[in-house]
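Read the structure below first, then the notes.
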Amino acid sequence: MKEEKSFEELMDDLENISQMLESDKLNLDESIKKFEEGMKISKKCTEMLDNAEKKINILLEKNGEVEEEEFKTGEE
Amino acid sequence: MNIEPISVSDLNKYVKDMVAEDEFLNNVFVKGEISNFKHHYTGHMYFTLKDDKSLIKCIMFKSSTATLTFMPKDGMKVNVLGTVSVFERDGVYQIYCKAMQEDGVGDLYAKYNELKNKLEEEGLFDEAHKKQIPFMPKVIGVLTSQTGSVIKDIINVSTRRNPNVYIRLFPVPVQGEGAGEKIARAIKIMNEKKLADVLILARGGGSLEDLWPFNEEVVARAIYESKLPIISAVGHETDFSISDFVADLRAPTPSAAAELAVTDVFDLEDRIHLYEKRFKILLNRKLEFMKLRYEKCMNSKAFTNPKQKVNDEYIRIDNLIKEIEKGIKEKVHDCKIKSIELMTRLDTLSPLKTLSRGYCMTEYEGKIIKSKKDLKKDMQLNVRYTDGDAKVKVI
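Those protein sequence lines, which keep their order, are chains A and B.
Using this note's numbering, the first residue of the first sequence is number -11, and each one after it goes up by one.
Using this note's numbering, the first residue of the second sequence is number 8, and each one after it goes up by one.
Encoded structure:
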């Protein structure tokens, strides 16, 4: 299993694909392949944004360990 | 008593004049602790200056507050420069402050500059050492007080930019004795346990003394050694703490730090959609282009008049054959001319030609007789003349 690409790398991929599609170097088959790849990556990016979970936590030290709890500002 | 009483106003006016004439009271430099501080909406500041035994009212007009490098507040020890004067209506005397400085601030500034120069020389502020703030950090670590507006501002700005943001607050004291060590320790723990992708070190505005932990060497070194990129946002926009210089990025305010650390996901989503649109446009353009090329192909002569090429080739073949025939004829002709020439030359050399000049040739049994020694009596010889042969006998 290779390491998941970071969001930033995926955005770079999108830019690269867009540049490749713009150039005349690809034939039709390659263009369609790149197009499909681009749409897949963009979907993945959107998913990464949507699937992130909101967490506002506070770190508390207990017996030398750091524990994580939900943080409430007292306004909610 | 037969003295006319004077009015209260007269008395207050008299005292005011007396005070005004006193050179010492015209320019006093007083130290004390601020209490009852009120920043009036008009911009004027009202407060009381006190020590352990006594207090005096003070006022600082808006025109003078512009020179302040800090925001005064209750409990702060300050030196004020001003004029003592009487407020006639209330019969009170007070200090009309022209300038104010934090007590002991001179020492702090000296310490600040000394440390700043030392660390700068050591290279702690070097641009080359500064780390890139990640474009899309998964976890934002915040080191600040868990109470107060700073953490609230950071949470508000962060969630506005990314509703699904992940913030880990490591609460640290941001002023007072020991705060520096605790901040440094928090930076180390965040690093050791890799609890975030980027750290925001934040504190709201305050006096130089309040901000002091962020000017401590232990904090500066912890920031320098941190593997996690750190954004420093200490005090107001005009405050520069040493942590600001060492950090990988300085933000003018805690809210600005949140903006720098948290990417606006709505912007990102727009960008992603733009890419999708672009891909579609580019692919369509490619298809259009291919279609055009196809049409151009189908319009070419190869498809509209496929026999033309064949006919052209036929003509070429015919031409070639003609050329070959012509070549052969020429060759034959040349050979004929050459053979005639050769035959003529051969003819002149022929012995028969000699016979025509009156000579004759003697043969015996088909062999030419070249000497009389070859002759014998009664030999039947054949003598060739130009017009025919004759049989002769040797006597």
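By construction, the Cβ of each residue, glycine as well, lies at the ideal position given by its N, Cα and C atoms.
Proximity to residue i [Cα-Cα], best of the options
| i | options | result |
| --- | --- | --- |
| B/Leu289 | A/Ile44, A/Gly52, A/Asp0 and A/Leu14 | A/Leu14 |
| B/Leu235 | B/Ser307, B/Lys145, B/Ile161 and B/Arg210 | B/Lys145 |
| B/Met297 | A/Asp17, A/Cys33 and A/Ile5 | A/Asp17 |
| B/Ile41 | B/Cys104, B/Val26, B/Thr49 and B/Leu353 | B/Cys104 |
| B/Leu62 | B/Ala73, B/Lys38 and B/Pro79 | B/Lys38 |
| B/Leu208 | B/Lys287, B/Pro220 and B/Gly183 | B/Pro220 |
| A/Phe59 | B/Met83, B/Ile147, B/Gly155 and B/Arg175 | B/Arg175 |
| B/Asn163 | B/Glu266, B/Ala186 and B/Val225 | B/Glu266 |
| B/Lys78 | B/Leu218, B/Lys60, B/Gly155 and B/Lys123 | The question names Lys, but residue 78 of chain B is Met in the sequence shown. Closest by alpha carbon: B/Leu218. |
| B/Cys65 | B/Gly82, B/Thr74 and B/Lys45 | B/Lys45 |
| B/Lys384 | B/Val401, B/Ile375 and B/Gly395 | B/Val401 |
| A/Thr34 | B/Ser248, B/Arg300, B/Ile279 and B/Arg364 | B/Ile279 |
| A/Thr61 | B/Ser14, B/Val91 and B/Ser156 | B/Ser156 |
| B/Tyr274 | B/Asp246, B/Pro170, B/Tyr371 and B/Val99 | First, the amino acid is wrong: residue 274 of chain B is Asp here, not Tyr. Taking only the C-alpha atoms, the option nearest B/Asp274 is B/Pro170. |
| B/Lys137 | B/Glu332, B/Lys314 and B/Asp251 | B/Asp251 |
| B/Ile196 | B/Glu232, B/Gly111, B/Leu294 and B/Met107 | B/Glu232 |
| B/Val371 | B/Lys379, B/Gln387 and B/Lys380 | For the record, residue 371 of chain B in the displayed sequence is Tyr; it is not Val. Ranking the options by Cα distance to B/Tyr371, first place goes to B/Gln387. |
| B/Ile147 | A/Lys21, A/Ile46 and A/Lys32 | A/Ile46 |
| B/Thr260 | B/Ile161, B/Glu302, B/Asn34 and B/Asp319 | B/Ile161 |
| B/Leu256 | B/Pro141, B/Gly211 and B/Glu188 | B/Pro141 |
| B/Asn33 | B/Ala73, B/Tyr100 and B/Ile347 | B/Tyr100 |
Straight-line Cα distance separating residue j from residue i
| i | j | result |
| --- | --- | --- |
| B/Tyr282 | A/Leu9 | 11 Å |
| B/Val22 | B/Val93 | 7 Å |
| A/Ile29 | A/Lys42 | 23 Å |
| B/Asp97 | B/Asn86 | 25 Å |
| B/Thr393 | B/Leu359 | 7 Å |
| B/Val339 | B/Asn326 | 20 Å |
| B/Lys201 | B/His243 | 29 Å |
| B/Asn124 | B/Ser71 | 32 Å |
| A/Asp74 | B/Ile190 | Any answer about residue 74 of chain A is impossible in this case: the structure gives chain A only from -11 up to 64. |
| B/Val253 | B/Ala264 | 15 Å |
| B/Gly334 | B/Arg352 | 27 Å |
| A/Leu(-2) | B/Met305 | 41 Å |
| B/Asn43 | B/Asp81 | 6 Å |
| B/Ile10 | B/Glu95 | 23 Å |
| B/Ala117 | B/Ser239 | 22 Å |
| B/Thr76 | A/Glu55 | 40 Å |
| B/Ile375 | B/Asp354 | 20 Å |
| B/Leu323 | B/Gln315 | Checking the displayed sequence, the identity of residue 323 of chain B turns out to be Arg instead of Leu. Distance between the alpha carbons of B/Arg323 and B/Gln315 is about 12 Å. |
| B/Glu127 | A/Phe23 | 51 Å |
| B/His51 | B/Leu88 | 16 Å |
| A/Leu48 | B/Val241 | 23 Å |
| B/Ile328 | B/Lys345 | 26 Å |
| B/Leu115 | B/Met107 | 16 Å |
| B/Arg168 | B/Ser262 | 11 Å |
Neighbour-count burial assignment, residue i, 16 or more Cβ in a 10 Å radius
| i | result |
| --- | --- |
| B/Ser16 | exposed |
| A/Gly26 | buried |
| A/Met(-11) | The predicted position of A/Met(-11) is uncertain, since its pLDDT is 43 and thus under 50; a value taken from the coordinates is nonetheless stated next. Exposed: under 16 other Cβ atoms inside 10 Å. |
| B/Ala397 | exposed |
| B/Asp271 | exposed |
| B/Asp277 | exposed |
| B/Cys342 | exposed |
| B/Pro12 | exposed |
| B/Ala309 | exposed |
| B/Cys367 | exposed |
| B/Arg300 | exposed |
| A/Glu64 | Reliability of the predicted coordinates at A/Glu64 is poor, the pLDDT of 45 falling under 50, and the value obtained from them is presented with this limitation in mind. Looking at its Cβ environment, which holds fewer than 16 other Cβ atoms inside 10 Å, A/Glu64 is exposed. |
| B/Ala268 | buried |
Cβ distance (whole Å) where residue i is taken to contact residue j below 8 Å
| i | j | result |
| --- | --- | --- |
| B/Leu150 | B/Val179 | 5 Å |
| B/Glu216 | B/Glu109 | 6 Å |
| B/Leu362 | B/Arg391 | 6 Å |
| B/Ser152 | B/Val181 | 5 Å |
| A/Ser6 | B/Arg292 | The Cβ separation is near 12 Å, so there is no contact. |
| B/Thr49 | B/Lys20 | In fact, because the Cβ distance is near 26 Å, the residues do not count as touching under 8 Å. |
| B/Met83 | A/Glu(-4) | In fact, because the Cβ distance is near 46 Å, the residues do not count as touching under 8 Å. |
So does the segment 47 to 59 of chain B actually touch the segment 132 to 142 of chain B, counting three or more Cβ pairs closer than 8 Å? no
Contact between the segment 226 to 233 of chain B and the segment 24 to 33 of chain B (3+ Cβ pairs under 8 Å): no
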